[in-house]
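Taking numbering that gives the first Met the number 0, I'd label the letters of the sequence shown as residues 0 to 359. Glycine residues also receive a C-beta, built at the ideal position from the N, C-alpha and C atoms. Step one of this worksheet: look at the structure below.
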Amino acid sequence: MPQTVSAVIARAKGAPVELVDIVVPDPGPGEAVVAVEACGVCHTDLHYREGGINDEYPFLLGHEAAGRVEAVGEGVTQVAPGDFVVLNWRAVCGECRACAKGQPQYCFATHNATQKMTLTDGTELSPALGIGAFAEKTLVAAGQCTKVDEVDARAAGLLGCGVMAGFGAAVNTGAVQRGETVAVIGCGGVGCAAVAGAVVAGATTVIAVDLDPRKLEWAEGFGATHTVDASSEDVVERIRELTGGFGADVVVEAVGRPETYEQAFYARDLAGRVVLVGVPTPDKEVTLPMIEIFGRGGSLKSSWYGDCLPSRDFPMLVDLYQQGRFDLDAFVTETIGLGDVEAAFAKMHDGTVLRSVVRL
């Protein structure tokens, strides 16, 4: 029967989040109910609260989560009650033109649960990225559950969004190779994950760029070999100096602003790759000379969720974590409760945390 649980919602644009009771229905065909154990506070949740995604309030926030499957609906075979899972927001369909080409990481018809979770008065909720995990339990499509080895949920949950996006931007989209040079512009959670991914892939020079000295220190902790303080140094010239005068083989832009994208474009080597993983707002535009686009060769790529395939990449990253080769724990700045999400948004805005993680 439906369950009533505590959860965090955004009721209106810019309004403080609220801790309320919500109703989670029993799973229907192809669905699963997951008891959430931990959920990271991601900037995307703040975008939802501020109306930067859409205006389908009230939102059930939270999406960077791990937990345990409690119940599954008819036809679900990939997970079972008791499984420890990381939630993902791109459950692939297996039938669209991308999936048919053997590229399910680009699936164009990803899906979520069919049923809606509601407030106790019946008001339907819009779950953030189809997940809604600032809640004791949540309803998702079974394909959004990726079974992994059981580890600390605070660490595993971060694979569900920001860490996967950054790691994948370097390893999957940027295709960093052994011995290459990499620059990462913007060293919050996503950027630091890109730094860590470049290190795992075997890059020999990994340059972290940011305005905030604290974030540069974080990036060094994840393996950056050099740092560039964008508040006082010419970013493009400094990256060139650190790469023999050529520019980096791969530049990951993890900010989503025109000025930093232009820096990424001009800081790459000939035939190098620029990867945009920072999410721009709809009003942002960039202008580049076509002769420069042509003359520099290489590629300009956008990274969707790190171009990940959760069933492939989540278990692999958990394995790296267990081997001590990918320090997920280092992303967790603080552990908080459901009632502390609004304060966590303020800390995120101030840049004083890499990740606040709600522990349930």
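| Check | Outcome |
| --- | --- |
| Ranges of the beta strand (DSSP E) found wholly within the region 189-255, counting only runs of at least 3 | 204-209, 225-228, 247-252 |
| Helix, strand or coil at A14 according to DSSP, with G and I counted as helix | coil |
| Beta-carbon separation (whole angstroms), E69 vs G156, contact threshold 8 Å | Between G156 and E69 the Cβ distance is about 16 Å, and since that is not below 8 Å, they are no contact. |
| Alpha-carbon to alpha-carbon, P24 and V198 | 43 Å |
| Opposing strand residues paired with R358 [DSSP bridges] | A37 |
| For I21, the three-state DSSP class (helix, strand or coil) | strand |
| Local conformation of I184 per DSSP, three classes | strand |
| 6 Å Cβ shell around F221 - same chain, five flanking residues per side excluded | C191, V194, A195 |
| 6 Å Cβ shell around R237 - same chain, five flanking residues per side excluded | V227 |
| A141 versus Q104: straight-line alpha-carbon distance, rounded | 17 Å |
| Q321, buried or exposed, once every other Cβ within 10 Å from all chains shown has been counted against 16 | exposed |
| Opening and closing residue of the alpha helix (DSSP H) in which V317 lies | 309-321 |
| Bridge partners - C106, DSSP secondary structure assignment | Paired residues: none, contrary to the question. |
| Three-state class that DSSP yields for G271 in the structure shown | strand |
| F293 - DSSP class collapsed to helix/strand/coil | helix |
| Length of the line joining the Cα atoms of F264 and V19 | 46 Å |
| Nearest-angstrom Cα separation, counted from D120 out to Y260 | 46 Å |
| Which listed residue (I292, R311, H225, E135) has its alpha carbon closest to that of T203 | H225 |
| T334 - containing beta strand (DSSP E), residue span | 333-335 |
| Cα-Cα separation, F375 to L158 | Since the first residue shown for the chain is 0 and the last is 359, residue 375 is missing from the structure and cannot be characterised. |
| DSSP-derived helix/strand/coil call for V126 | For clarity, residue 126 is Pro in the given sequence; the question names Val instead. Residue state, collapsed to three classes: strand. |
| Inter-residue CB distance, E252 and G277 (contact presumed, cutoff 8 Å) | 5 Å |
| Sufficient close CB pairs (3 or more, under 8 Å) joining the region 281-299 to the region 311-320 | no |
| First and last residue of the uninterrupted alpha helix (DSSP H) at G367 | Since the displayed the chain opens at 0 and closes at 359, residue 367 lies outside it and no answer follows. |
| Backbone CA spacing between T360 and A229 [nearest angstrom] | The structure shown does not extend to residue 360, since the chain is modelled only from 0 through 359, so no value can be given for it. |
| Pair within 8 Å by beta-carbon distance, D248 and T172 | no |
| Per-residue burial, P212 [other beta carbons within 10 Å of its own, 16 or more giving buried] | exposed |
| Contact belief for Q77 with N111 at Cβ below 8 Å, rounded distance in angstroms | So it is not a contact: roughly 16 Å between Cβ atoms. |
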